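Chemist:
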Amino acid sequence: MNSVLIAPALMVGIGLFFGVIIAFGSRYLRVDEDPRIDGANKLLPGTNCGACGEPGCLPFAEKLVAGSVAPSKCTVSTAEETENIAEYLGVDVGEHDRLVARMKCGGGSVQAHQIAEYQGFEGCRAAAVVSGGGKGCIWGCIGLADCEVACTFDAIHMNSNGLPQVDTDLCTACPDCVDACPKDLFELLPISQKLYVECNSPLQGDAATVLCTTACDACGKCALDASPGLITMENGLPVIDYNSGAMVSPEAIFRCPTNAIKWVEKNQFEEQEELEVRGERYG
Amino acid sequence: MNPFNLLSKSFQNGVHPQHLKAQTQDLPIQRVPFGSLFVMPLNQHIGVPCKPVVEKNQRLRRGELIATAGGFVSTALHSPVTGRVKEIGEFRAYDGNFSQSIQIEADPYATQQTEVGTPIDWSSMTTDDFIKAVQQAGIVGMGGAAFPAHVKFSIPDGCNIRYLLINGAECEPYLTNDHRLMLEQPLRLLRGAEIVRQKLGAEEVVIGVELNKPDAIAALNQHIQPGDPVRVVGLEAKYPQGAEKMIISTIFKREVPAGQLPRDVEVNVSNVSTIVAIADYFDYGMPLIERIVTVSGPGVSYPANLMVPLGTTVRDVLQFCGGLKDETKEVIMGGPMMGRPIASLDAPVVKGCSGILAFTEDLVQTRTEYPCIRCGRCLEACPYFLNPARLARLSRARMFEEMEDYAIMDCVECGCCSYACPSSIPIVQLIRTGKDQLRNTKAKQK
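Here the protein sequences line up with chains A and B, keeping their order. Here numbering that gives the first Met the number 0 is used: the first residue of the first sequence is 0, the next is one more, and so on. Here numbering that gives the first Met the number 0 is used: the first residue of the second sequence is 0, the next is one more, and so on.
#1: Which residues share a DSSP beta bridge with PHE97(B)?
#2: What does the alpha-carbon distance come out to for the pair GLY24(A) and ASP166(A)?
#3: So which residues of chain A does GLN436(B) contact, with C-beta pairs closer than 7 Å?
#4: So, with DSSP's three-state summary, where would you put LEU260(B)?
#5: Who are THR327(B)'s beta bridge partners in DSSP?
#6: Under 9 Å Cβ-Cβ, which residues of chain A neighbour PRO147(B)?
#7: Pick out whichever of GLY200(B), GLU209(B), ALA236(B) and MET245(B) has its Cα sitting closest to the Cα of PRO228(B).
#8: Hey, how far is the Cα of TYR301(B) from the Cα of GLU54(B)?
#9: Does any CB atom of chain A fall closer than 9 Å to the CB of LYS8(B)?
#10: Quick one: what's got a C-beta closer than 8 Å to GLY82(B)'s C-beta in the same chain, skipping five residues either side?
#11: In three-state terms, what does DSSP make of PRO370(B)?
#12: Output yes if chain B places a C-beta closer than 9 Å to the C-beta of TRP262(A); else output no.
#13: Check whether the Cβ of PHE33(B) lies closer than 9 Å to any Cβ atom in chain A.
#14: Under 9 Å between the Cβ atoms of GLU209(B) and ALA236(B)?
#15: Could one say the Cβ of PHE120(A) lies closer than 9 Å to chain B's Cβ atoms, at least one of them?
#16: If you measure between the beta carbons of GLU243(B) and PRO261(B), is that distance less than 9 Å?
#17: ARG277(A) to ALA396(B), Cα distance in whole Å?
#18: Among residues of its own chain, excluding the 5 on either side of LEU64(B), which ones have a beta-carbon nearer than 7 Å to its beta-carbon?
#19: Can you give me the C-alpha to C-alpha distance between CYS136(A) and LEU210(A), rounded to a whole angstrom?
#20: With a CB to CB cut of under 6 Å and the five nearest residues on each side skipped, what residues in its chain are close to ILE36(A)?
#21: Go through its chain and collect everything with a Cβ distance to LEU362(B)'s Cβ below 7 Å, but skip five positions before and after it.
#22: Could you check the C-alpha separation between GLN22(B) and ILE130(B) for me, to the nearest Å?
#23: Which one of HIS156(A), ASN258(A) and LYS193(A) has the shortest CA to CA distance from ASP216(A)?
#24: Which partner residues of ASN446(B) appear in the DSSP bridge assignment?
#25: How would you list, in chain order, the residues of chain A whose beta-carbon sits under 9 Å from the beta-carbon of VAL446(B)?
#26: When you compare only the Cα positions, how much space is there between PHE399(B) and CYS73(A)?
#27: Chain B partners of VAL128(A), CB-CB under 7 Å?
#28: Let me know the alpha helix (DSSP H) ranges lying completely inside the stretch 185 to 230 of chain B, each 4 residues or longer, listed in chain order.
#29: Starting from the beta carbon of GLY131(A), find every residue of chain B whose beta carbon is closer than 8 Å, and list them in chain order.
#30: Kindly list, in the order they appear in chain A, the residues whose Cβ is closer than 9 Å to that of THR440(B).
#31: DSSP state of GLU104(B), grouped into three classes?
#32: Taking Cβ-Cβ distances below 8 Å as the criterion, which residues of the stretch 367 to 391 of chain B are in contact with chain A?
#33: So the beta strand (DSSP E) LEU188(A) belongs to, where does it begin and stop?
#34: Cβ of ALA149(A) less than 9 Å from any chain B Cβ?
#35: When you check each C-beta in the stretch 319 to 337 of chain B against every C-beta of chain A, which residues fall closer than 7 Å?
#36: Express the C-alpha separation of GLY34(B) and GLN110(A) in angstroms, rounding to a whole number.
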């Protein structure tokens with residue numbers, strides 16, 4: 000009889016003892032967390048995409064409250080949502096040029112020549128480890144849609160020419176496609192930078208154009224036509240320096256013999272769809 | 000380890016592909032006539048690419064040094080032909096990529112006679128000098144991986160080599176180049192084995208040959224005198240018997256732990272061609288400028304075992320064998336299990352190329368892929384005891400970091416899992432994709 004009572008009594012006793020310790024602990028050792036962190040976190044999109052450079056939305060909210068970043072650094076939120084956050088925290092929205100993913104290669108199945116046929120698992124990286132996927136140009140897009148699969152926001156779709164088309168409205172500049180591409184073709188650039196080189200081949204002259212009709216053959220005409228200092232030729236490709244202060248205008252693209260340098264108004268490769276429909280050989 | 004395994008002449012798991020060696024196993028090694036253009040990529044071996052020491056239009060003798068080692072894990076490169084340097088630039092290599100190469104134009108009037116140099120006195124060399132000499136000779140592991148041989152021979156302090164294991168397993172179907180070499184030049188092989196054995200301080204030389212080559216075993220045994228520290232061991236014909244860790248497990252019944260090297264179990268493994276190349280260098284002063292290549296497969300008109308100067312294009316080699324048949328669909332460099340399909344016939348033969356195989360349409364058709372039925376045949380086939388089915392699923396789901404928890408980096412891409420899969424899932428390709436992605440992510444983080 001006694002031993003039956005001892006056991007529960009002991010358990011209750013231990014429970015009470017630790018309960019008192021925890022009660023004191025929570026009273027005197029409490030860390031006050033800013034309730035605004037939770038509030039700001041609720042206003043963020045909650046996709047944990049990492050586009051802001053933080054591991055997720057909560058660490059970003061912490062930085063927001065600490066004041067070390069501006070709300071506009073979150074590229075997923077719309078302008079309205081960012082303003083809401085700024086209003087909630089009573090801070091400035093901050094100026095942040097919106098980044099989007101741009102693709103360095105414009106050589107789809109129409110322009111880039113195929114030297115071999117690839118059979119096997121349909122994935123760019125899988126093809127890249129087997130003799131480069133079959134296209135003559137080994138620096139260009141393989142076109143098996145690893146980026147489309149990797150994109151969290153459904154912003155990338157392969158067009159009829161076998162090139163990934165980034166929908167700039169949906170793109171949040173998270174680095175998923177940058178990591179997925181085996182040829183490192185994606186880069187995150189401000190949407191305001193409209194002059195863009197759609198070629199990644201370091202080859203020059205005929206060596207480049209024999210592999211792809213829209214390859215940059217490094218003639219350097221764009222560098223001559225653009226404002227001085229804007230474009231320099233490096234490693235067989237034009238490099239556009241937006242920080243040079245030179246005026247950026249579409250003049251640079253007019254004399255390009257292969258259409259490798261483009262003036263991108265919104266989405267890349269928009270003109271390709273039409274050309275495909277008309278059945279013309281582009282470039 | 001399974002106690003019953005101690006009795007058998009094999010390792011655990013693995014697969015039994017058809018041998019398909021009958022086409023070429025009785026054909027003696029022939030010499031390929033010299034072509035007109037040779038391309039020598041600077042990264043023919045694993046490690047740092049070598050540095051060219053020649054200039055454009057410079058005249059070269061056969062066997063002359065054209066590039067020096069770019070680091071410790073790198074070897075020298077020698078001209079395979081008498082001629083002149085046509086260009087140093089980017090050329091398409093066997094893996095489809097462009098790589099820095101030296102293009103050499105052969106002199107049409109040269110005799111292409113190798114100048115036999117004075118024998119190098121290896122017996123009085125120190126081990127360090129021996130390692131440097133092997134690096135100078137441009138010798139790499141010629142089984143296929145092309146890992147510089149001198150790196151394998153440099154044994155750190157505290158390690159001791161008891162056995163020199165010479166790998167003549169040649170477990171890949173179709174290939175017969177090592178078989179012919181053992182049959183035709185057993186004395187060269189034993190000579191090379193003696194040199195390497197003495198320099199490494201090994202007690203015994205063990206030559207492992209698969210039992211489907213009884214004539215090679217007989218040829219070697221004929222030349223081994225009683226009392227020689229050499230023995231030939233017959234191995235079960237099974238794939239991948241020629242993988243370094245497998246052949247050790249078969250012969251010495253010792254498992255090389257993951258992440259460790261054969262030298263940790265006191266063994267050094269070298270391919271037969273590597274050993275013969277070493278013998279040729281120390282006896283005749285001839286660096287590695289040619290190798291034996293098996294040209295076979297249903298797409299080749301006249302299959303052959305050929306002695307090919309390095310840098311010869313695949314096109315020239317195939318032309319010598321009567322060209323490709325019309326229905327040829329795929330050309331593979333290496334064996335059918337681990338070799339790579341080549342994207343262009345202009346790719347040169349490199350130091351690691353053991354075979355050129357051409358396959359017709361009916362053999363390369365992609366089989367319809369079905370879902371995984373969890374039969375576990377890939378687990379039974381994997382000689383490294385991995386879980387290929389899970390790795391393939393993770394790779395397909397792009398969960399590359401999780402693949403590391405399943406020891407993806409221990410995979411040697413032998414292809415047993417894909418071979419065994421009844422659902423025709425391209426398991427090894429998915430694993431290879433995952434490895435590539437992981438390596439890429441790691442390189443970016445650095």
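We treat Cβ as the ideally placed atom computed from N, Cα and C, and that holds for glycine. Note that the structure is predicted; figures quoted are calculated from it, not measured.
Modeler: Quick look at the numbers:
#1: Partner(s): ARG91(B).
#2: Those two C-alpha atoms are separated by around 53 Å.
#3: Ordered by position in chain A, the residues that pass the 7 Å Cβ test against GLN436(B) are ARG124.
#4: Coil, per DSSP.
#5: For THR327(B), which the question treats as bridged, DSSP gives the partners THR359(B).
#6: From the beta-carbon of PRO147(B), no residue of chain A is found nearer than 9 Å; the closest lies around 22 Å away.
#7: Cα-wise, what sits closest to PRO228(B) is GLY200(B).
#8: Looking at the backbone, the Cα of TYR301(B) and that of GLU54(B) are separated by about 38 Å.
#9: Taking CB atoms only, LYS8(B) has no neighbour in chain A less than 9 Å away.
#10: If we look at GLY82(B) and ignore the five residues flanking it on each side, its Cβ neighbours are PHE37, ARG58, LEU59, ILE103, GLU104, ALA105, ASP106 and ALA109.
#11: In this structure, PRO370(B) counts as coil in the three-state DSSP scheme.
#12: Taking Cβ atoms only, chain B never reaches closer than 9 Å to TRP262(A), which makes this a no.
#13: No, PHE33(B) lies away from the interface with chain A (no Cβ there is under 9 Å from its Cβ).
#14: Yes. Within cutoff.
#15: Yes, PHE120(A) lies at the interface with chain B (some Cβ there is under 9 Å from its Cβ).
#16: Taking 9 Å as the Cβ cut-off, GLU243(B) and PRO261(B) qualify as a contacting pair.
#17: Low confidence applies to ARG277(A): its pLDDT is 41, below 50, so where it sits in the model is not reliable enough to give any reading.
#18: If we look at LEU64(B) and ignore the five residues flanking it on each side, its Cβ neighbours are VAL52, ALA75 and HIS77.
#19: Taken atom to atom, the span from the alpha-carbon of CYS136(A) to that of LEU210(A) is near 6 Å.
#20: Hits under 6 Å: ALA60, GLU61 and VAL64.
#21: For LEU362(B), where only same-chain residues beyond five positions count, the Cβ hits under 7 Å are PRO297.
#22: In a straight line, the C-alpha of GLN22(B) is about 38 Å away from that of ILE130(B).
#23: The shortest CA-to-CA distance from ASP216(A) to any of HIS156(A), ASN258(A) and LYS193(A) is the one to ASN258(A).
#24: Residue 446(B) falls outside the range modelled here, since chain B spans only 0 to 445, and no answer is possible.
#25: Residue 446(B) is absent from the structure shown; chain B starts at 0 and stops at 445.
#26: Answer to the nearest angstrom: the Cα atoms are 26 Å apart.
#27: Within chain B, the residues placing a beta-carbon under 7 Å from that of VAL128(A) are ARG431, THR432 and ASP435, ordered along the chain.
#28: Unbroken alpha helix (DSSP H) stretches of 4 residues or longer found wholly inside the stretch 185 to 230 of chain B: 185 to 199 and 213 to 222, given in chain order.
#29: Those within 8 Å of GLY131(A) in chain B are ASP94, GLY95, ASN96 and ALA342.
#30: Near THR440(B) (Cβ distances below 9 Å), the residues of chain A are ASP178.
#31: In this structure, GLU104(B) counts as strand in the three-state DSSP scheme.
#32: Within the stretch 367 to 391 of chain B, no residue qualifies.
#33: Residues 185 to 189.
#34: So yes, ALA149(A) belongs to the interface.
#35: Listed by position along the chain: nothing, the set is empty.
#36: Each residue's alpha carbon lies about 34 Å from the other.
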